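For the sequence shown, full-length UniProt numbering gives the first residue as 1, with consecutive numbering after it. Have a look at the structure below before the remarks.
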Amino acid sequence: MDKLEFESKTLSPLDGRYGKIKDALGDYFSEYALVRYRVHVEIQWLKYLIDHVDMPVLKTVSSHEMSDILAIDTDFDFNSFKRIKEIENITRHDVKAVEYFIDEKLKEFGYEHLESFVHIGCTSEDINNTSYGCMLRDGLKNIWLKEAKAFMKKIDELAIRYADIPMLAHTHGQPATPTTVGKEFKVYAYRLKCCIENIIAISYKAKFNGATGNYSAIGIAFPDVNWEEASKEFIEDYLQLTFNPYTTQIESHDYICQILDGIRHFNNIMMDLDVDMWLYISMEYFKQIPVKGEVGSSTMPHKVNPIRFENSEANADFSNNICISLSNKLPKSRMQRDLSDSSTQRNLGLAFGYSLQAISETQAGLEKCVINEEKLANDLNEKWEVLAEPIQTMLRKYGIADAYDQLKALTRGKNISKEAIIDFAQGLTMLSDQDRHTLVSMTPAGYIGRAAFIAKKEL
């Protein structure tokens with residue numbers, strides 16, 4: 001089956017139409033990745049026991065033997081995955097299949113004496129929660145966060161590039177105090193930056209404490225070991241995760257919910273930008289560059305639609321709904337454990353995949369946009385009433401109690417001409433010559449406060 005034929009029969013667009021995203025995430029959120037991380041955890045646990053448990057059979061493991069054992073992890077490939085799935089078809093238990101696979105490999109090396117220590121003291125969830133912790137950590141760091149940071153940087157570059165270009169602002173959909181294009185991009189860049197920093201700060205929690213979280217079985221077998229300290233050491237030094245000292249059979253998944261909520265927050269900021277860009281395009285503040293060969297409408301040849309921003313909005317919204325579903329389900333488990341979290345976690349990759357697709361679409365949309373400076377200038381020049389704000393503020397400085405009401409009577413609900421504003425300002429004889437000159441010479445395009453400075457500031 002060739003690539004196109006495969007994509008034509010996929011249920012999810014992440015596997016078909018958006019296949020590039022799947023290719024990137026597949027190393028971290030696929031079934032293959034989950035099995036590979038399970039092998040990694042099992043081998044690291046065996047290594048920890050060899051390194052730290054005082055038993056002759058473990059202490060006699062040579063550096064050469066250790067190298068062979070570690071190779072079961074580092075040499076993991078599709079054939080390894082295939083063999084594990086063959087074993088699973090018999091066991092009907094995915095984690096047990098990994099254990100049996102490692103047993104087979106140890107036999108191939110002639111290390112049968114170590115088989116009984118594979119998975120010793122573990123429940124399946126010890127392997128699963130640590131595997132998902134490693135998957136999430138690596139997938140976020142190497143794929144999602146990398147793309148999110150690049151996206152944020154792109155927005156900040158636009159903020160600096162367009163820092164000095166004035167734009168009529170709109171609050172409640174109505175003309176408001178002017179800003180600059182760059183400053184509005186800066187707002188989004190900063191919001192994205194804060195969101196990314198919050199996600200980076202999340203600790204990837206893990207537990208390795210047996211069937212109900214009390215180290216019961218391993219404590220009976222090796223009573224002289226402080227298994228709480230050993231578990232903490234294994235999780236933090238061998239897996240580079242964060243030890244959770246209080247759990248049932250499962251790690252509580254609260255940190256996963258924090259990650260999902262962070263992704264959803266990021267998506268919402270991006271959707272806010274998508275909608276604003278869509279509106280600015282409809283107002284002709286931005287023009288879209290037509291791409292040769294592309295069609296905007298099946299019946300209206302003139303159309304150049306903002307489809308990238310619309311696609312981003314749709315994919316971000318879908319990612320959000322997956323995040324909400326996962327975040328609602330994962331913190332809840334019947335008593336010490338039920339299996340529902342297992343099926344739920346298998347869908348984590350979808351949340352990241354649709355978010356990445358949204359990022360890709362927004363970036364593509366921005367690359368097609370150029371600023372329409374003529375339209376921006378014209379709109380500003382038609383809205384002299386926005387200068388009512390600085391005039392009434394200046395009058396307040398001089399103790400004019402009804403300053404606001406005077407300007408309200410002059411401008412509210414009206415299109416005020418340049419001449420009307422200048423005439424009003426010139427008649428303010430109670431002002432100093434300098435202050436009156438400031439108001440008379442002011443224009444909507446020049447009334448941008450510190451917007452340009454703000455846009456150019458380093459995040």
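For glycine and all other residues, C-beta sits at the position ideal for the given N, C-alpha and C. What you are looking at is a predicted structure, and each value in this text was computed from that prediction instead of being measured.
Query, Result
"Is Ala-159 near the ligand GDP, going by C-beta to nearest heavy atom under 7 Å?", "Only the bare structure without any ligand can be found here, which leaves the ligand GDP out of the picture."
"Assuming residue 462 and Tyr-285 form a contact by the criterion Cβ under 8 Å, report the distance between their Cβ atoms to the nearest whole angstrom.", "Look at the range of the chain in this structure, 1 to 459, and you will see that residue 462 is not part of it."
"Ends of the beta strand (DSSP E) at Val-370?", "369-371"
"For Val-57, count neighbouring C-beta atoms within 10 Å of its own C-beta (all shown protein chains included) and say buried if the count is 16 or more, exposed if not.", "exposed"
"Report yes if the C-beta distance between Arg-308 and Ala-364 is below 8 Å; otherwise report no.", "yes"
"For Asn-262 and Phe-208, I'd like the C-alpha separation in whole angstroms.", "Here residue 262 turns out to be Gly, not Asn, going by the sequence shown. Taking the straight line joining both Cα atoms gives about 26 Å."
"Please report the residue range of the beta strand (DSSP E) in which Ala-425 lies.", "Premise fails: Ala-425 lies in the alpha helix (DSSP H), 418-426, not in any beta strand (DSSP E)."
"Among the residues of its own chain, which have a CB less than 8 Å from the CB of His-113, if the five just before and after it don't count?", "Val-57"
"Would you mind sorting Lys-444 into buried or exposed? The rule is 16 or more other CB atoms within 10 Å of its CB.", "Per the sequence presented here, residue 444 reads as Pro, with Lys not at that position. Counting Cβ neighbours within 10 Å, Pro-444 comes out buried, since at least 16 surround it."
"Using CA atoms only, rank isn't needed, just tell me which of Gly-213, Ala-71, Glu-389 is closest to Phe-109.", "Ala-71"
"Quick one: residues in its chain with C-beta nearer than 6 Å to the C-beta of Lys-193, no 5 flanking neighbours on either side, listed in chain order?", "Met-152, Leu-459"
"Using C-beta distances below 8 Å, list every residue in its chain close to Phe-424, excluding the 5 sequence neighbours before and after it, in chain order.", "Ile-391, Leu-410"
"List the residues that DSSP assigns as beta-bridge partners of Pro-166.", "Thr-180"
"Terminal residues of the continuous alpha helix (DSSP H) containing Lys-82?", "78-91"
"Is Thr-248 near Gly-213, with beta carbons less than 8 Å apart?", "yes"
"Strictly by DSSP, which residues pair up with Lys-171?", "First, the amino acid is wrong: residue 171 is Thr here, not Lys. Gln-174, per the DSSP bridge assignment."
"Which stretch, first to last residue, makes up the beta strand (DSSP E) that contains Phe-286?", "286-288"
"Given a threshold of 16 other Cβ atoms within 10 Å of its Cβ, counted over all protein chains shown, does Leu-14 qualify as buried or as exposed?", "buried"
"Pick helix, strand or coil for Lys-154, following the three-state DSSP scheme.", "helix"
"In whole angstroms, what is the alpha-carbon distance linking Gln-258 and Ile-200?", "11 Å"
"Is Met-277 closer than 8 Å to Pro-245 when the C-beta atoms are compared?", "no"
"What alpha helix (DSSP H) runs, 4 residues minimum, are completely inside the UniProt domain \"Adenylosuccinate lyase PurB C-terminal\" (333-448)?", "340-345, 348-367, 373-381, 388-397, 403-411, 418-426, 433-440"
"Please list, in chain order, all residues of the same chain as Asn-315 whose beta carbon is under 7 Å from its beta carbon, the five residues on each side excluded.", "Tyr-354, Gln-357, Ala-358, Glu-361"
"Whose CA, out of Arg-161, Gln-44, Ile-120, Tyr-18, lies closest to the CA of Val-370?", "Arg-161"
"Are Tyr-111 and Glu-65 close, meaning C-beta to C-beta below 8 Å?", "yes"
"Span of the alpha helix (DSSP H) holding Ile-143?", "Taken as a continuous stretch (DSSP letters only), Ile-143 belongs to no alpha helix (DSSP H), as it is neither H nor E."
"Excluding five sequence neighbours on each side, which residues of the same chain lie with their C-beta closer than 7 Å to the C-beta of Tyr-204?", "Gly-133, Leu-136, Arg-137, Leu-241, Thr-242, Tyr-255"
"Can you tell me the Cα-Cα spacing of Ser-12 and Ala-351, whole angstroms?", "12 Å"
"Opposite Phe-243 in the DSSP bridges: which residues?", "Ala-206"
"Can you tell me which of the three DSSP states Asp-103 falls into?", "helix"
"Quick check on the burial criterion: 16 or more other C-beta atoms within 10 angstroms. Buried or exposed for Gly-139?", "buried"
"So, is Glu-419 buried or exposed, given that buried needs 16 or more other C-beta atoms within 10 angstroms?", "exposed"
"Please state whether DSSP places Cys-257 in a helix, a strand or coil.", "helix"
"Report all residues from its chain with a CB closer than 8 Å to the CB of Leu-239; omit the five preceding and five following residues, and keep chain order.", "Val-41, Gln-44, Thr-130, Gly-133, Cys-134, Ala-206"
"Taking all protein chains shown into account, do 16 or more other C-beta atoms lie within 10 angstroms of the C-beta of Arg-264, making it buried, or fewer, making it exposed?", "buried"
"Do the CB positions of Lys-414 and Leu-168 come within less than 8 Å of each other?", "no"
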